[in-house]
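Take 2 as the starting number for the sequence shown in this note's numbering and just add one per residue.
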Amino acid sequence: MNDKSSNYNNTINTVNDVIKVLNEIPSRFYSLTDHFFHDGAIIGGEGLKKLERRFMIEFSIQFERLFKNKGYYQKSEYDFEIPKKFMFSDNANISIRNTFEKLNSRFSRDVNMLKYFTTEPDFLVHAGQSVTNEESQKLIIEAKLNPNSNKGEIFKDIFHTFIYSNQYNFKCSIMLLVHINEKRWLNTFEEYIDKKYYQGELDNTKKIFVIFKASYEDKALAYNLFDLLSPPICPKCHKKMVKRIAKNGKNAGNIFWGCSLFPKCKETKSVN
Ligand SMILES: [Zn+2]
């Protein structure tokens, strides 16, 4: 096995570890006692911020407990709410700067862009803040738990995640979406790409994953961003393929590639 594919396998292990940790978090961390639904709307916006913080502290505890002894995390520190802020630096690669300029022009003049796009990640595993080589930067997570997050908030997370994998060389960057509607998020992501806000290398998106966990009871779903950006082409009709979940039969619950022309075209392809 060459270095590249063993790196990739470690990245997949990390994604699976995050999913295992999500399953270890007790149900009470998935909800707040001081927020409730009224006429279909959530009451208590501040509460949702508290929930995000509480959830990620619990995530951090569970992560450390379960994965302390795994080889691919050794010589690393676990960090949470680190004081360091991440931002692109003066020598940031051109794609990050271009993306920033493009997003900058989208906002009205009274937004402090530097502040808006400076990030304090929700969770990370690394071996030293000043060292940015790939070996020492293991895992970084941007988490969202507020189902009412607006488009700007989602764009911000996407931008930050691209910085982590483009400039700080994180082996695995994850956007963790709890309580967030999958379809709505994917549409927002598509808009981000369509408007050409992301101008980096497609190859860098191989290290970025998005994990959806709709609720405590729901199974977590992970997507690789590279797959979302460059899906396979249907061998039959040459349209894009999309990821689907098998609803019936012995493969129920499994993810596969299906032709976007379904039900006209029934071509499928296995994932991996
Ligand atoms: Zn087809």
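Note that CB positions come from ideal geometry on N, CA and C, so glycine has one too. Here the structure is a predicted model, which means the values were calculated and not measured.
- What separation, rounded to the nearest whole angstrom, lies between the Cα atoms of G210 and I175? Position 209 of the sequence shown, counting from 1, holds the residue named residue 210. Position 174 of the sequence shown, counting from 1, holds the residue named residue 175. The sequence shown places Phe at residue 210, not Gly. Answer to the nearest angstrom: the Cα atoms are 5 Å apart.
- Task: Taking only heavy atoms of ligand 1 into account, decide whether any of them is closer than 7 Å to the Cβ of K237.
- Result: As a working mapping, residue 237 is identified with position 236 in the sequence shown. Answer for K237: yes, Cβ within range of ligand 1.
- Cβ-based neighbour list, S231, same chain, cut-off 8 Å, excluding 5 preceding and 5 following: Here residue 231 refers to the residue found at position 230 of the sequence shown. The residues are L203.
- Item | Residue of L67, K69, F124 and F163 minimising C-alpha distance to R98 | Numbered from its first residue, the sequence shown carries residue 98 at position 97. That would be F163, whose Cα lies nearest to the Cα of R98.
- Which runs of the beta strand (DSSP E) fall wholly inside the segment 194-225 and span at least 3 residues, in chain order? 209-214 and 222-225
- What's the C-alpha gap between R245 and G259? Start at 1 with the first residue of the sequence shown, and residue 245 comes out as number 244. Start at 1 with the first residue of the sequence shown, and residue 259 comes out as number 258. If I take the Cα positions, the gap works out to 6 Å.
- Query: In angstroms, rounded to a whole number, what distance separates the CA positions of N14 and K208?
  - Reply: Within the sequence shown, the letter at position 13 stands for residue 14. Within the sequence shown, the letter at position 207 stands for residue 208. Those two C-alpha atoms are separated by around 12 Å.
- Query: Between K270 and ligand 1, is the CB less than 7 Å from at least one heavy atom?
  - Reply: Against the sequence shown, residue 270 aligns to sequence position 269. Flag unset: Cβ of K270 not near ligand 1.
- Item | Rounded straight-line distance, which links the Cα of N105 to that of I95 | Position 94 of the sequence shown, counted from the start, is the residue given in the question as residue 95. Position 104 of the sequence shown, counted from the start, is the residue given in the question as residue 105. Their Cα atoms are separated by approximately 15 Å.
- Query: Can the beta-carbon of S166 be found closer than 8 Å to that of F124?
  - Reply: On the sequence shown, position 165 is the one that residue 166 refers to. On the sequence shown, position 123 is the one that residue 124 refers to. Not closer than 8 Å, so no.
- Return the first residue and the last residue of the beta strand (DSSP E) that F257 is part of. Numbered from its first residue, the sequence shown carries residue 257 at position 256. I256 to C260 is the span of the beta strand (DSSP E), which, as asked, contains F257.
- To which residues of the same chain is K59 closer than 6 Å at the C-beta, ignoring the five residues directly before and after it? Residue numbering aside, residue 59 sits at position 58 when the sequence shown is read from its first letter. The displayed chain sequence assigns Glu, not Lys, to residue 59. Taken in chain order, the residues that qualify are I26 and F30.
- Message: So if DSSP puts K157 in a beta bridge, which residue, or which two residues, is it bridged to?
- Response: Against the sequence shown, residue 157 aligns to sequence position 156. Answer by DSSP bridge pairing: none, since K157 is not bridged.
- Query: From N11 to K220, what does the alpha carbon distance come to, in whole angstroms?
  - Reply: On the sequence shown, residue 11 is found 10 positions in, with the first residue counted as 1. On the sequence shown, residue 220 is found 219 positions in, with the first residue counted as 1. The alpha-carbon atoms of N11 and K220 are separated by roughly 22 Å.
- Message: Which of the three DSSP states is assigned to I83 in this structure?
- Response: Walking along the sequence shown from the start, residue 83 turns up at place 82. The predicted position of I83 is uncertain, since its pLDDT is 48 and thus under 50; a value taken from the coordinates is nonetheless stated next. DSSP places I83 in coil when its eight states are reduced to three.
- Query: Under the rule that 16 or more other beta-carbon atoms within 10 Å means buried, what is S28, buried or exposed?
  - Reply: For the purposes of this step, residue 28 is identified with residue 27 of the sequence shown, where counting begins at 1. By the 10 Å Cβ count, S28 comes out exposed.
- Message: Can you tell me where the beta strand (DSSP E) holding K244 begins and where it ends?
- Response: Numbered from its first residue, the sequence shown carries residue 244 at position 243. Its beta strand (DSSP E) spans residues M242 to I246.
- Query: Alpha carbon to alpha carbon, what distance is there between L140 and P122?
  - Reply: As a first step, residue 122 must be located in the sequence shown, where it is residue number 121. As a first step, residue 140 must be located in the sequence shown, where it is residue number 139. Using only the alpha carbons, I get a separation of about 11 Å.
- Message: Considering only DSSP beta bridges, list what I175 is partnered with.
- Response: The sequence position of residue 175 within the sequence shown is 174, counting from 1. According to DSSP, I175 bridges with I142 and F210.
- Message: I need the straight-line Cα distance from K240 to E65, nearest angstrom please.
- Response: Position 239 of the sequence shown, counted from the first residue, corresponds to residue 240. Position 64 of the sequence shown, counted from the first residue, corresponds to residue 65. If you take the alpha carbons of K240 and E65, they lie about 44 Å apart.
- Task: Give the straight-line distance between the Cα atoms of F171 and D40, rounded to the nearest whole angstrom.
- Result: In the sequence shown, the residue the question calls residue 171 occupies position 170. In the sequence shown, the residue the question calls residue 40 occupies position 39. Cα-Cα distance, rounded: 42 Å.
- Sequence-distant residues of its chain with Cβ nearer than 6 Å to E268 (five each side left out): Position 267 of the sequence shown, counted from the start, is the residue given in the question as residue 268. Counting only residues of its own chain and dropping the five nearest sequence neighbours on each side, E268 has a CB closer than 6 Å to the CB of C235, K237 and C260.
- Query: How far does the alpha helix (DSSP H) with S106 in it reach, from first residue to last?
  - Reply: Here residue 106 corresponds to residue number 105 of the sequence shown, with the count starting at 1. No alpha helix (DSSP H) contains S106, which DSSP labels as neither H nor E.
- Query: Less than 8 Å separating the beta-carbons of V16 and L67?
  - Reply: Stepping through the sequence shown from its first residue, residue 16 is reached at position 15. Stepping through the sequence shown from its first residue, residue 67 is reached at position 66. Contact flag unset, no.
- Measure the C-alpha to C-alpha separation of L262 and M242 and round it to an integer number of angstroms. Counted from its first residue, the sequence shown places residue 262 at position 261. Counted from its first residue, the sequence shown places residue 242 at position 241. For L262 and M242, the distance between alpha carbons rounds to 8 Å.
- Message: Could you give the first and the last residue of the continuous beta strand (DSSP E) run that contains K267?
- Response: Here residue 267 refers to the residue found at position 266 when the sequence shown is read from its first residue. From DSSP, K267 is part of no beta strand (DSSP E); its letter is neither H nor E.
- Task: Verify the contact flag: K240, CB atom, against every heavy atom of ligand 1, threshold strictly below 7 Å.
- Result: Against the sequence shown, residue 240 aligns to sequence position 239. The answer is yes for K240.
- CA-to-CA distance, I20 to I181, given in whole angstroms: Within the sequence shown, the letter at position 180 stands for residue 181. Within the sequence shown, the letter at position 19 stands for residue 20. For I181 and I20, the distance between alpha carbons rounds to 16 Å.
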